[in-house]
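Working notes, beginning with the structure itself.
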Amino acid sequence: MSDEEIREEERVDVAVETSDVAIRVRGLRNSFGSQTVHDDLDLDVRKGEILGVVGGSGTGKSVLMRSIIGLQTPEQGEIHVFGESMIGRLDDEALAVRKRWGVLFQGGALFSTLTVAENVEVPIREYYPNINPRLRDEIAAYKIRMTGLPAEAAPKYPAELSGGMKKRAGLARALALDPDLLFLDEPTAGLDPIGAAAFDDQTRSLQRTLGLTVFLITHDLDTLYSICDRVAVLADKRVIAVGTIDELLATDHPWIQEYFNGPRGRAATAAVTREKGRQQQGAPHAPDGRQ
Amino acid sequence: MNQAADLAEEMRDGGKVIRLSGSLSVACLHDLPDRLETIEGPVGAIDISGVTHIDTIGAWTVHRTARRLDCVVEGGDEDSRRLVDMLSTLDEPVSIRPDHVSPLTRVVGQIGEAVTTAGSTLLGLLGFFGGTLVASWSLIRNPRRFRINAVVQRFEVVGVSALGIIGLMSFLIGIVIAQQGSVQLRQFGMEMLTINLVGRLTFRELGVLMTAIMVAGRSGSAFAAQLGTMKLTEEVDAMRTIGVSPMEALVLPRTMAVVIMMPLLGFYSSIVAVIGGGFLCAVSLDIPPITFFQRLREVVPITDLWVGLIKAPVFGVIIALAGCFQGMQVEANAEEVGLRTTAAVVQAIFLVIVLDAFFAVFFTWVGWN
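First to last, the sequence lines map onto chains A and B. Residue 79 in our numbering sits at position 79 of the first sequence, and the numbers go up by one each step. Offset between the second sequence (1-based) and our numbering: plus 1000.
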């Protein structure tokens, strides 16, 4: 199947089930000075899926995310999140949508003068000031535990944490308001393989338990293979293909082939195959997706 | 899905049951957690079968109520039950902020900390001065490592761009001194002495002192913020690993630029202040400029100029060192950059004024009065 066909199929899919789309991007155009990053970019993120976004360095993965969450105003195009247009909305507008998403930035972007627990409390305090402080503390506490941080990390300041712990703390803050939509910008970059795998598992299990939609930017092939439902490939200033990894492998775009069939891609495929084999031999995980 | 959460209490099989209904999500909870807190036991069960939608905050509310009243959670679909169960596994005491200490202990602790900080800062500053001297010595022995471009670039930032603001400030100070002086001296009929006042004060003290304060505010703070940010982004560490000494690449060019610029700016400031004084004398005291400058040459000894020019580079060293030292002390977080920048300016100005007092005594002692 060629990438064109996948895109075609995508369009048909969307026309049928519009309400199943969490994020809809149409005709997006972004440029910095004379350099165009996106041109006529279309993308749909379905509700309840983990969509991995990949692309070479400088293809504008982060810019795409920043456009969607309103940190960057695109030159052209439409962006709808949960059916609401996000173009040109000020920071204090579209609050109903903002309450429904959580964002994990690359470095965690924790507020450095607040403790981890206080960081988690910030969105709760901001959007629901009438929740009483004791309950708020309890909520922060279980969110921190939920992301796999030890209880001792809560009263620490971000500067006292390791990179992996910062990411988890950032995730706890992103999850503070029980968002429906989670943006993760390279969540496993800079983590050791064990930590990265644990983070992936955590993301997957949270996504299942809470029914999250996840927009995940990554360079990590293991993450793509192990947790993403679909993968969107950014190249040539647009999304050249969206689909499961198997569907992408069936396309003949050179970048996609090189990406997934390069030495690292093959290693990740082999790892996943091994893992699947082991699971089939042992006790298989019960499918427990919650929608 | 957006139906507000509600509760009802009812008796069943001789026990009280709390029946929850509606959407138990953070947006729809409203005052439900507070209402649940007012319910007193004994309660047999919490029934969540009427709940249409639940998120973790709702599930936590259910769990904490169940824990407090020591009752079971029943009803609801499998997903909701699983969510409540999952949260109950996460229930353990977590402290939100560092432990609270009593105010007395804190005040005593802060005093002690302030004393040790003051001591260690002074020592650190002295050590930093030593480090700068060592770096200068190695630079003198290997003059090819001298970063002329960096220094010249600082000349512009520290000196040339400061000309406007320092000029304006000095001009106004000159006017103020002349005006206030003339009001007092008029009572003795000695308005001509205003010229002595303006001339001697600006060359000897105010020109350099005001310049030092302005440079500390403009450049000392900038040094601290620049170096502090570079520390935070690990640029300084990167430099070290490449074999570039931060002392040589960052501190020395800045120090040198300030040391060279301070006498020039101080002299310029004095001249402009004298012009300001002369302007006021011409306008309000009817002393023509020619007379003003003739008289100035008679009453201001050349030693006054030397006093100012000798002090200026010393003040420059203090400003640059305080700025760079505080910048290099930044660790951990962005807030510290702000604190260190403030500390740099305060310390620089304080030390400049202390040293100025010593200089005043010293120059009187050597007979330059």
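In this text, a Cβ means the ideal position worked out from N, Cα and C, and glycines have one as well. Values in this document were obtained by computation on a predicted structure and should not be read as measured data.
Check, Outcome
"Any C-beta of chain B under 8 Å from that of Tyr128(A)", "yes"
"Residues that Glu93(A) contacts on chain B, provided the C-beta gap is smaller than 9 Å", "Here the premise fails: no neighbours, minimum Cβ distance about 17 Å."
"Beta-carbon neighbours of Glu186(A), restricted to chain B and to distances below 8 Å", "Correct list: empty, because the minimum Cβ distance to chain B is about 18 Å."
"Listed by chain order, chain B residues near Met146(A) by CB distance under 7 Å", "Leu1090"
"Cβ of Met1086(B) within 8 Å of any chain A Cβ", "yes"
"At least three beta-carbon pairs within less than 8 Å, the stretch 1331-1348 of chain B to the stretch 1224-1240 of chain B", "yes"
"Whole-angstrom C-beta distance between Ser1025(B) and His1053(B), which should lie under 8 Å", "6 Å"
"Neighbourhood of Asp229(A) by C-beta distance below 6 Å, restricted to the same chain and skipping five residues each side", "Glu49 and Ile50"
"DSSP three-state assignment for Ser1023(B), whether helix, strand or coil", "strand"
"For Arg134(A), the nearest candidate out of Asp1034(B), Glu1074(B) and Asp1070(B) (CA to CA)", "Asp1034(B)"
"Beta-carbon spacing of Asp1047(B), Arg1019(B) below 8 Å", "yes"
"Within 8 Å, strictly: CB atoms of Val233(A) and Gly55(A)", "yes"
"C-beta neighbour in chain A for Ala967(B), strict 8 Å", "In the structure displayed, chain B extends from 1001 to 1369; residue 967(B) sits before or after that span and is not available."
"Exposure label - Gln35(A); buried when at least 16 CB within 10 Å", "exposed"
"Contacts of Thr113(A) in chain B (Cβ-Cβ under 9 Å)", "Asn1333, Ala1334 and Glu1335"
"Boundaries of the alpha helix (DSSP H) in which Ser57(A) is found, first to last residue", "First-last for Ser57(A): undefined, no H or E at that position."
"Distance, Ile68(A) Cα to Tyr127(A) Cα", "20 Å"
"is_contact[Leu177(A), chain B] using C-beta, thresh 8 Å", "yes"
"Below-8 Å beta-carbon distance, Lys99(A) vs any chain B residue", "yes"
"Under the three-state DSSP convention, the category Lys143(A) falls into", "helix"
"Inside the stretch 76-112 of chain A only - alpha helix (DSSP H) runs reaching at least 4 residues", "95-98"
"Local Cβ density within 10 Å of Asp246(A), reported as buried at 16 or more and exposed below that", "exposed"
"Spatial distance of Ile1148(B) from Val1251(B) (CA atoms)", "13 Å"
"Sub-8 Å separation of Val1258(B) and Ile1319(B) beta-carbons", "yes"
"Exposed unless 16 or more other CB atoms sit within 10 angstroms - verdict on Leu1133(B)", "exposed"
"Minimum Cβ-Cβ distance from Ile240(A) to chain B less than 8 Å", "no"
"Cutoff 8 Å: Val1026(B) Cβ touching any chain A Cβ", "yes"
"contact_flag[the stretch 1035-1046 of chain B, the stretch 1064-1081 of chain B] where n(CB pairs < 8 Å) is 3 or more", "yes"
"Inside the stretch 1054-1120 of chain B only - alpha helix (DSSP H) runs reaching at least 4 residues", "1056-1069 and 1078-1089"
"contact_flag[the stretch 138-150 of chain A, the stretch 172-189 of chain A] where n(CB pairs < 8 Å) is 3 or more", "yes"
"Under the three-state DSSP convention, the category Glu121(A) falls into", "helix"
"For Asp180(A), the three-state DSSP class (helix, strand or coil)", "coil"
"Closest residue to Pro150(A) among Gly1207(B), Arg1295(B), Asp1091(B) and Ile1039(B) (Cα-Cα distance)", "Asp1091(B)"
"Residues bridged to His38(A) [DSSP beta-bridge criterion]", "Asn30(A)"
"Cβ neighbours of Ala1135(B) in the same chain (closer than 8 Å, five flanking residues each side left out)", "Ser1245, Met1247, Glu1248, Val1251 and Leu1252"
"Given 8 Å, three or more beta-carbon pairs between the stretch 1274-1285 of chain B and the stretch 1150-1164 of chain B", "no"
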